[in-house]
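Undergrad:
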Amino acid sequence: MPDNYSFGIEPVSCHAFNKDRTQVALSLNDSEVQIHKFAAGKWALTDTLAEHGQRVTGIDWAPNSNRIVTCGADRNAYVWTKQSDNKWKPTLVVLRINRAATSVRWSPQENKFAVSSGARMIAICYFEQENDWWISKQIKKPIRSTVTCLDWHPNNVLLACGSTDFKARVYSAYIKDVEEKPSATSWGSKMPFGNLMAEFSSGGGWVHSISFSANGERLAWVGHDSSVCVVDAANGQQLTTVKTDVLPFMSITWVTDNSLVAAGFDCCPMLYTYSSGNINFVSKLDDTAKQQVAGKVSAMARFKAMDSRAATDDSASETSLGTVHQNTITQLSIHSGTKSKCTKFATSGVDGQLVVWDVKSLESAFAGLRIA
Amino acid sequence: MSKNVSSDRFRKVDVDEYDENKFVDEEEGGENQQGPDEGEVDSLIRQGNVMGALQAVLKNPPMNTKNQALKDRAEGLVLKVLSSFKSGDIEKAVQSLDKNGVDLLMKYIYKGFEQPTENSSAVLLQWHEKALSAGGVGSIVRVLTARKTV
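Chains as they are written, first to last, in numbering that gives the first Met the number 0: chain A, 0 to 371; chain B, 0 to 149.
#1: Please report the distance separating the alpha-carbon of A197/A from that of F165/A.
#2: Could you give the C-beta distance for P247/A and S225/A, rounded to a whole number, given that I count them as a contact under 8 Å?
#3: Looking only at DSSP bridge pairs, what is A172/A linked to?
#4: Any C-beta of chain B sitting closer than 9 Å to the C-beta of S225/A?
#5: Looking at L96/B: is its Cβ nearer than 9 Å to the Cβ of L53/B?
#6: Which same chain residues end up closer than 6 Å to V142/B when comparing Cβ atoms and leaving out the 5 residues on each side of it in sequence?
#7: What does T144/B reach in chain A if we use C-beta pairs closer than 7 Å?
#8: Counting only beta-carbon separations shorter than 9 Å, does N66/B have a partner in chain A?
#9: What in chain A is Cβ-close to K98/B, meaning under 8 Å?
#10: Starting from the beta carbon of L432/A, find every residue of chain B whose beta carbon is closer than 7 Å, and list them in chain order.
#11: Compute the beta-carbon to beta-carbon distance between R74/A and L94/A, rounded to the nearest angstrom, for a pair I have assumed lies under 8 Å.
#12: Does DSSP classify M190/A as helix, strand or coil?
#13: For E129/A, which beta-bridge partners are listed by DSSP?
#14: My output table needs one value for T211/A: the three-state DSSP class, helix, strand or coil.
#15: In the DSSP assignment, find the beta strand (DSSP E) that holds L270/A and state where it starts and stops.
#16: Determine the DSSP secondary structure at F22/B, reduced to helix, strand or coil.
#17: Compute the Euclidean distance between the alpha carbons of K140/A and V114/A, then round it to the nearest angstrom.
#18: Under three-state DSSP, which class holds F165/A?
#19: At the level of alpha carbons, what is the spacing between V136/B and S42/B?
#20: Of the residues I58/A, R143/A and A172/A, which one's Cα is nearest the Cα of Y125/A?
#21: Measure the C-alpha to C-alpha separation of A38/A and D2/A and round it to an integer number of angstroms.
#22: With a cut-off of 8 Å on the beta carbons, I'd call S102/A and C148/A a contact; round off their distance for me.
#23: Check the Cβ-Cβ distances between V349/A and every residue of chain B, and say whether any is below 9 Å.
#24: When you compare only the Cα positions, how much space is there between C217/A and I58/A?
#25: Decide yes or no for the touch test of the segment 243-258 of chain A against the segment 321-338 of chain A: beta carbon pairs closer than 8 Å, at least 3 of them.
#26: Could you tell me whether any Cβ in chain B is nearer than 9 Å to the Cβ of V229/A?
#27: Which chain A residues sit within Cβ distance under 9 Å of R141/B?
#28: What residues from chain A crowd round G134/B, counting only those whose CB sits closer than 7 Å?
#29: With a cut-off of 8 Å, do at least 3 Cβ pairs link the segment 76-93 of chain A to the segment 148-163 of chain A?
#30: Taking DSSP as the reference, what is the three-state secondary structure of F112/B?
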């Protein structure tokens, strides 16, 4: 059974774990960020970071430098550093956007972060030592609508983004002040800042989430038209799309070099594999429904339920979904392991729950399932 | 009450058209899309080959064209084919379609729901049930999110 933690009735807008996963920063649909510490099987609130004027839309926790970056609908981003008195001190980052920020991601080396926004642009922010502040440079062309999601390539330079103009793009976010010139990759060799390396059409829907594979050779994203797309740069940028027969996904991540976990409006994480140009659905990863049906209801209880509540079926399935999450899953994150070999992943959703799924126990719960 | 301006024509101006950031879909050449071949489909129906008629009517969907008459004609043709099936044969017909075919059929079904005629909704509902079990809710989501529709 996956570990299920409830944070109340408000949706979890976004979450981010610290390096050893003993703490989580999350926002419950308001302008505050809550930091919870894990102790004795429960999460307890230790800090509240209140600086944003409007809803917090994205949080990312840099594992090595232990800095938290948050962005919100108030068009601002703050970088939080832990002080010696254990308080988190915010530093405002001027993004120069005139619409809400939608998500934020630290780069792999944690010397930059990218903020996507409704202002049809992405702000790449880095720290300038001499003036002691964060500077933002903007990527605009040729984005034509809100950018919804971001993911960094492991080389710290390339950035993938998905947008509501139905396209997934790969840009170069090379900042010469903070890093060396990158060597050529399968996505191209010339990487000046803001250069569009690749652009793909996702079908008919908004791109909700995008994810580079661990080595950066493959890119996967999900669209609101219930599709999952994968591009293999090592294979001539071959684009594969699968149109699923379930509700759209809101989040996707690679869990091994060939497997993807996606979750969304069906409130259930699903496993897909990608090999040689084919995306194959493997399995739903939530077997709560099977366990619910297993209980037997006596005939007397059955008729009583029918009489008093007009319940024609198993009473449990009348009021709750047959999945751990009771509402849309909005974010997936790697909890333990890496994108190449994930051992645990976490999901958070509109039902206010944060659930940690263990790959090993999923493999044993579903006969014959191998996540490899 | 007296009017304080001489002309109020400005109130009817669609300001969104002048927004330079307005999102415009990409144009994909739809000028040569004719829609399904009426003659071919009619003859197949007359011969009693309803399966063949279904395959024929799902060819060349008028997706990219702005010609409304063309789209209406295609929809009418599809409705004719769908109505000529016996209830028991619908399931087999849907099974014979590929994924894109099921998505396209779903688009035509919802288009048909928009303008109900005498008996069309009943027939369309039967087809909807079978198409749903083949395409899942995903096919309905694609009807709702499609930028270009039949």
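Even for Gly, the Cβ is constructed at its ideal location relative to N, Cα and C.
Predicted model, so just to flag it, every value in this text is computed and none were measured.
TA: This is what the structure holds:
#1: 14 Å
#2: 5 Å
#3: Paired residues: none, contrary to the question.
#4: yes
#5: yes
#6: M105, K106 and Y109
#7: G203, G204, H223 and D224
#8: no
#9: K242
#10: In the structure as shown, chain A starts at 0 and stops at 371, and residue 432/A therefore has no counterpart that could be examined.
#11: 7 Å
#12: coil
#13: DSSP output for E129/A lists no bridge partner at all.
#14: Contrary to the premise, residue 211/A reads as Phe rather than Thr in this sequence. Here F211/A sits in strand by DSSP.
#15: M269 to S274
#16: coil
#17: 15 Å
#18: coil
#19: 34 Å
#20: A172/A
#21: 14 Å
#22: 6 Å
#23: no
#24: Before going on, a small fix: residue 217/A reads as Arg here, not Cys. Cα-Cα distance, rounded: 24 Å.
#25: yes
#26: no
#27: G202, G203, G204, D224, S225, S226 and K242
#28: D244
#29: no
#30: helix
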